[in-house]
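A.B. asks: Protein chains in written order, with full-length UniProt numbering: chain A, 1 to 107; chain B, 1 to 614. No residue lacks a Cβ here, since even glycine has one placed at the ideal position from N, Cα and C. One structure coming up, written as structure tokens, with questions to follow.
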């Protein structure tokens, strides 16, 4: 009984999140897609390194860090784009809360 | 002069053979054999008459009986020179000298001719050498034949002309033109004047002889001396005949003085110590009779052995003789003092030595009680039995002789022990027998100490400290553990039984070397192999890294492209506007270049990966 309740809650949460996400503007979705792409590429490289060992290590570093770097830059772009559209009062976005607070302090 | 050169040579021989002893030994067989080697004739003759004379005189002085036979050629040469009317004055002189030794057969007319020639040249003489040769020649003629009358009528005149060349400091000049004076010339002049005096037909004025004696005294004032009492006459200038050195100058002066003393009836008062100093200088060389004519014979104290063994009970022997080796008058030798070398202490003994007439040596029968092994200086004094002899012989006071006593040193209570470091508790101790066979096996580690102790006892029973005492262990072990061999060396100059002995083995257990310890020196390499080819070096390459299997890499390569495809698919799904390519020319160009630049960078990456192997 508890299990089904937890599952139901999780599903409900999932659906609510999904519907809320559908409401984000399209350009933000593109940026999100790009971020996901970069992170996935990085993850694939990490998995590969875990399998075959870290030789040559610089290749691993360059691959992972470039992906992570571009992901971070894309996140930063998303925040900025979001601010221009929404202003300070908006709550319906899935940006990282800490980064948001940091940007808020700078403005 | 040739005579001086002869002395020079003989004295050099003596010097060469006995230069390090402070005690001078008389002329011996080694000198004689050296002289025979030096004067060896070439093709039966010596060359010119001067050398012939030198050789013959040397043989005569040293008492060499077996001389090389050069009589026939020498006599022929002598006869030729004396008979020819064109011979120089110098050659006549040398020929007459050789004749004096060899006693060749010469005719009376030859002598007459020579005599007239010599007298003519004497009247015409101007330089000292002319006087010397003429007068010397006349003296030799007088000795060799009685046929001619060689006496000089005007001896006074000749005397004064020679004296005119003298100087106030006692030296002589060679000629009136040459202002330089020398001791050598003084000797020659004295000899010449002595000859004039002996050849004079009437008595020479006494005042002249007195002034000559003053000159000799002044000459002796200019004598040089060394610290040990040796005296010599030195030359300060290089004269026409080349720098002859102190030996020939001293020899020349001594010759002159002896010649002069032989012809005067009065005695010359010469300082005895200076004469002894001169005798020491020549190391016992003089013409036979010269030392006696001077009025006092130097006596030399010599010891056949200066290293004596206390253990074997060697006796100290002293020999007293004249410089040429002949025996001394009856006298006794007393041991006056003993100094320990290196200290100022002296013990006064005053013990008389017993005279052994068979060997003519004085023997010290019993050593004084406090004489042990070591280095001592014994001081001897010569006492004449007959006080009259004191006037004729010179002994030089007390003679100091360094004597070295050796003996067998016994080694007592020898033992070797390994001790614990600070407390000194003995861990292992073994007795050693020195000198004897020993095989000791010890073991120690770096915390312990090794102690070797023994006591050395002299024959008299006293403790003795050896000069050198090495324990033959490697000083720095370079921290190598293992078994080491121990050798003991004990030695000293007074120890007759010095030894080097292996003692045994010791096992050393040393800790590992710290970082900074000296590494053992590299083993000596045979020097010739340094230039040959070196050993072949096989390079061991670094093992290549383990690469993943190819298929796995390719699979993941494909896997990495998938997110990109997913991204593109997502863009299409989100209906992203991908149509914003600029239309007009300039922006289009820039857009093209931008994308090309990005592509080029990516291409460079690919290039690095596939082609360029750094």
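Thinking C-alpha only, which one of B/119, B/254 and B/145 is nearest residue 196 of chain B?
C.D. replies: B/119
A.B. asks: Name the residue from A/64, A/22, A/28 and A/73 whose alpha carbon lies nearest to the alpha carbon of residue 86 of chain A.
C.D. replies: A/28
A.B. asks: Which class does residue 475 of chain B belong to by DSSP, given the choice of helix, strand or coil?
C.D. replies: Annotation note: pLDDT 41 at residue 475 of chain B (below 50); position unreliable, coordinate value reported separately. DSSP places residue 475 of chain B in coil when its eight states are reduced to three.
A.B. asks: Report the start-end ranges of each alpha helix (DSSP H) in the UniProt domain "Ribophorin II second" (299–403) of chain B that is 4 residues or longer and not cut off at the edges.
C.D. replies: Unbroken alpha helix (DSSP H) runs of no fewer than 4 residues, entirely contained in the UniProt domain "Ribophorin II second" (299–403) of chain B, are found at 389–392, following chain order.
A.B. asks: State the Cα-Cα distance for the pair residue 30 of chain A and residue 593 of chain B, rounded to the nearest angstrom.
C.D. replies: 25 Å
A.B. asks: Taking the beta carbon of residue 119 of chain A as the centre, do at least 16 other beta carbons fall within 10 Å, making it buried, or is it exposed?
C.D. replies: Nothing can be reported for residue 119 of chain A: it is not among the residues displayed for chain A, which extend from 1 to 107.
A.B. asks: Candidates B/263, B/300, B/219 and B/207: which alpha carbon is nearest residue 333 of chain B's?
C.D. replies: B/300
A.B. asks: Between residue 617 of chain B and residue 390 of chain B, what straight-line distance do the alpha-carbon atoms span, to the nearest angstrom?
C.D. replies: Here chain B comprises residues numbered 1 to 614, so residue 617 of chain B is not present and cannot be evaluated.
A.B. asks: Would you kindly work out how many angstroms separate the C-alpha atoms of residue 346 of chain B and residue 381 of chain B, rounded to a whole number?
C.D. replies: 15 Å
A.B. asks: For residue 551 of chain B, count neighbouring C-beta atoms within 10 Å of its own C-beta (all shown protein chains included) and say buried if the count is 16 or more, exposed if not.
C.D. replies: By the 16-neighbour rule on beta-carbons within 10 angstroms, residue 551 of chain B is exposed.
A.B. asks: Could you check what DSSP says for residue 173 of chain B in three-state terms: helix, strand or coil?
C.D. replies: strand
A.B. asks: Please report the residue range of the alpha helix (DSSP H) in which residue 66 of chain A lies.
C.D. replies: 57–86
A.B. asks: Where does the unbroken alpha helix (DSSP H) through residue 609 of chain B begin, and where does it stop?
C.D. replies: Element bounds for residue 609 of chain B: 585–610.
A.B. asks: So for residue 39 of chain B, helix, strand or coil by DSSP?
C.D. replies: coil
A.B. asks: What does the alpha-carbon distance come out to for the pair residue 100 of chain B and residue 340 of chain B?
C.D. replies: 54 Å
A.B. asks: Less than 9 Å separating the beta-carbons of residue 140 of chain B and residue 93 of chain B?
C.D. replies: yes
A.B. asks: So, does the CB of residue 64 of chain A fall closer than 9 Å to a CB anywhere in chain B?
C.D. replies: no
A.B. asks: Helix, strand or coil for residue 200 of chain B? Go by DSSP, reduced to three states.
C.D. replies: Strand at residue 200 of chain B.
A.B. asks: In angstroms, rounded to a whole number, what distance separates the CA positions of residue 154 of chain B and residue 203 of chain B?
C.D. replies: 11 Å
A.B. asks: Taking the alpha carbon of residue 29 of chain B as the point to measure from, which residue in B/56, B/64 and B/57 has its own alpha carbon closest?
C.D. replies: B/64
A.B. asks: Using a Cβ-Cβ cut-off of less than 7 Å, list which residues of the segment 563–575 of chain B approach chain A; keep chain order.
C.D. replies: 563, 564, 566, 567, 570, 571 and 574
A.B. asks: Can you tell which of B/320, B/538 and B/353 has its C-alpha closest to the C-alpha of residue 336 of chain B?
C.D. replies: B/353
A.B. asks: Just tell me which of B/251, B/534, B/179 and B/256 has its CA closest to the CA of residue 216 of chain B.
C.D. replies: B/256
A.B. asks: Work out the CA separation of residue 37 of chain A and residue 564 of chain B for me, nearest whole Å.
C.D. replies: Spanning the two alpha carbons is a distance of roughly 6 Å.
A.B. asks: Can you check whether the C-beta of residue 583 of chain B is within less than 9 Å of a C-beta belonging to chain E?
C.D. replies: Judged by its chain identifiers, the structure shown contains no chain E, and its protein chains are A and B.
A.B. asks: Could you check if residue 15 of chain A is buried or exposed, using at least 16 other CB atoms within 10 Å of its CB as the buried criterion?
C.D. replies: exposed
A.B. asks: So, at 7 Å on beta carbons, what are the nonlocal neighbours of residue 582 of chain B in its own chain, with the 5 sequence-adjacent residues on each side left out?
C.D. replies: These residues qualify, in order along the chain: 588 and 591.
A.B. asks: Nearest chain B C-beta to residue 26 of chain A closer than 9 Å, yes or no?
C.D. replies: Under the Cβ criterion of 9 Å, residue 26 of chain A is counted among the residues facing chain B.
A.B. asks: Could you name the residues of chain A that residue 545 of chain B contacts, counting a contact when the two beta carbons are closer than 9 Å?
C.D. replies: 53, 55 and 56
A.B. asks: How many Å lie between residue 400 of chain B and residue 358 of chain B at the Cα?
C.D. replies: 26 Å
A.B. asks: What first and last residue would you give for the alpha helix (DSSP H) that runs through residue 545 of chain B?
C.D. replies: Here residue 545 of chain B belongs to no alpha helix (DSSP H), and DSSP marks it neither H nor E.
A.B. asks: What residues of chain B sit near residue 33 of chain A, judged by a beta carbon separation below 8 Å?
C.D. replies: 567, 570, 571 and 574
A.B. asks: Is the CB of residue 123 of chain A under 9 Å away from at least one CB in chain B?
C.D. replies: Outside the displayed span of chain A (1 to 107) sits residue 123 of chain A, for which this structure offers no information.
A.B. asks: Which residue comes first and which comes last in the alpha helix (DSSP H) that contains residue 119 of chain B?
C.D. replies: 108–123
A.B. asks: Pick from A/51, A/74, A/72 and A/57: whose alpha carbon is nearest that of residue 555 of chain B?
C.D. replies: A/51
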